[in-house]
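Numbering (the working numbering), first residue to last: 2 to 325.
Every residue, glycine too, gets a C-beta built ideally from N, C-alpha and C.
Here the structure is laid out as structure tokens; the discussion comes afterwards.
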């Protein structure tokens, strides 16, 4: 009896590995995540892909990191602001059309990717400081880049930034993380690594994780859900996400980084779903250059309340420009 019970998970695992290897497509046609021109560059972070459209003051948009991340996560903002600004949206390393090679994915790599984009924006003819916005874990990378290159940012917007859950006290060694390379290696083991990733990125799984993000299944954006499925079914799509689930991208010094920011910072966040705990936002909310704004949404307010979100963001930018 016990042998049968023990053998069932083993048989199921072997069956899924076989099915995934033989029948799950990993080369699906991936459309562009947003409108505008897609360009490729090489820099500190290797091969990067980004989108650009519009004319006017430069704005840089940075998506989050998860099992199926891409520039589609900032699509509503890109489409809105490119009507009157020069807007750039990057696919971070390991995602979208950017390089997805088997390498070390670290906060330093993602910070360097943002600095690469600043260099590219300058080459594109925009030498002035940019307004930059990042989502969730992407906020940590943007904050680190802004702490290192403060003169290159006019403002920073951190949407549902990580690191502010109850009990978090993140003043560790510089660039230290929660991560375990042993855990990453276990996830990445060739026999089951890609099949495990495929299991995490079925359509059902994608809807499950997005429901946790949006706080309800009804609020999930169907275009994002579809794009998540397509972008996770690409060659080498598992490498960066395995660094993510192994904790290797979450910095244990991020409170020190957040506190070091000197430019105006806007931190909107949702109040619904699994990513709505900002109990420890007091670490920065008392600082004069930080503005905190809750929305009655999930973790991506601009998908659910685009007009309200952009109106509040525009007011923040206008107030900032007024001080200049």
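Mind checking which residues open and close the beta strand (DSSP E) that includes residue i?
i, result
"residue 295", "291 to 296"
"residue 271", "266 to 271"
"residue 94", "No beta strand (DSSP E) holds residue 94; DSSP gives it neither H nor E."
"residue 171", "Where residue 171 is concerned, there is no enclosing beta strand (DSSP E), given that its DSSP letter is neither H nor E."
"residue 131", "131 to 136"
Residue i and residue j look like a contact to me (Cβ under 8 angstroms); what is the Cβ gap, rounded to whole Å?
i, j, result
"residue 117", "residue 45", "6 angstroms"
"residue 230", "residue 204", "6 angstroms"
"residue 53", "residue 89", "5 angstroms"
"residue 248", "residue 181", "6 angstroms"
"residue 253", "residue 268", "Contact doesn't hold; Cβ gap of about 20 angstroms is too wide."
"residue 214", "residue 301", "7 angstroms"
"residue 276", "residue 137", "7 angstroms"
"residue 37", "residue 83", "6 angstroms"
"residue 68", "residue 233", "6 angstroms"
"residue 87", "residue 59", "5 angstroms"
"residue 120", "residue 156", "The Cβ separation is near 19 angstroms, so there is no contact."
Could you give the residue range of the alpha helix (DSSP H) that holds residue i?
i, result
"residue 116", "108 to 124"
"residue 78", "76 to 82"
"residue 211", "204 to 215"
"residue 32", "Residue 32 -> no alpha helix (DSSP H), and no H or E assigned at all."
"residue 242", "240 to 246"
"residue 164", "Residue 164 -> no alpha helix (DSSP H), and no H or E assigned at all."
"residue 274", "Element bounds for residue 274: n/a, residue is neither H nor E."
"residue 71", "Element bounds for residue 71: n/a, residue is neither H nor E."
"residue 286", "283 to 286"
For residue i, which of helix, strand or coil comes out of DSSP?
i, result
"residue 157", "strand"
"residue 45", "coil"
"residue 1", "In the structure as shown, the chain starts at 2 and stops at 325, and residue 1 therefore has no counterpart that could be examined."
"residue 305", "helix"
"residue 221", "coil"
"residue 5", "The predicted model places residue 5 with a pLDDT of 49, which falls under 50 and marks its position as unreliable, so this point remains unresolved."
"residue 54", "strand"
"residue 178", "strand"
"residue 196", "helix"
"residue 24", "With a pLDDT of only 41 at residue 24, under 50, the local geometry of the prediction cannot be trusted, and no value is derived from it."
"residue 59", "strand"
"residue 145", "helix"
"residue 252", "strand"
"residue 325", "With a pLDDT of 38 at residue 325, under the threshold of 50, the modelled position of that residue is not reliable, and the figure given next carries that caveat. Coil at residue 325, not helix or strand."
"residue 87", "strand"
"residue 38", "strand"
"residue 128", "coil"
"residue 227", "helix"
"residue 299", "coil"
"residue 152", "helix"
"residue 105", "coil"
Mark residue i as exposed unless 16 or more other C-beta atoms lie within 10 angstroms of its C-beta, in which case mark it buried.
i, result
"residue 316", "exposed"
"residue 280", "exposed"
"residue 174", "exposed"
"residue 24", "Low confidence applies here, because residue 24 scores a pLDDT of 41, under 50, leaving its location unreliable and the question unanswered by this model."
"residue 28", "exposed"
"residue 64", "buried"
"residue 56", "exposed"
"residue 299", "buried"
"residue 1", "The question about residue 1 has no answer, for the chain in this structure spans 2 to 325."
"residue 183", "exposed"
"residue 72", "buried"
"residue 50", "buried"
Using a C-beta cutoff of 8 angstroms, does residue i count as contacting chain B?
i, result
"residue 93", "This model lacks chain B altogether, as it is built from one protein chain only."
Exercise. Is the stretch 142 to 153 close to the stretch 225 to 239, with three or more CB pairs under 8 angstroms?
Worked result: no
Exercise. How do the stretch 298 to 315 and the stretch 167 to 180 stand: do at least 3 beta-carbon pairs fall below 8 angstroms, yes or no?
Worked result: no
Exercise. Counting pairs of beta carbons, one from the stretch 118 to 133 and one from the stretch 97 to 109, are three or more of them closer than 8 angstroms?
Worked result: no
Exercise. Does the stretch 252 to 270 come within contact of the stretch 195 to 203, defined as at least 3 CB pairs closer than 8 angstroms?
Worked result: no
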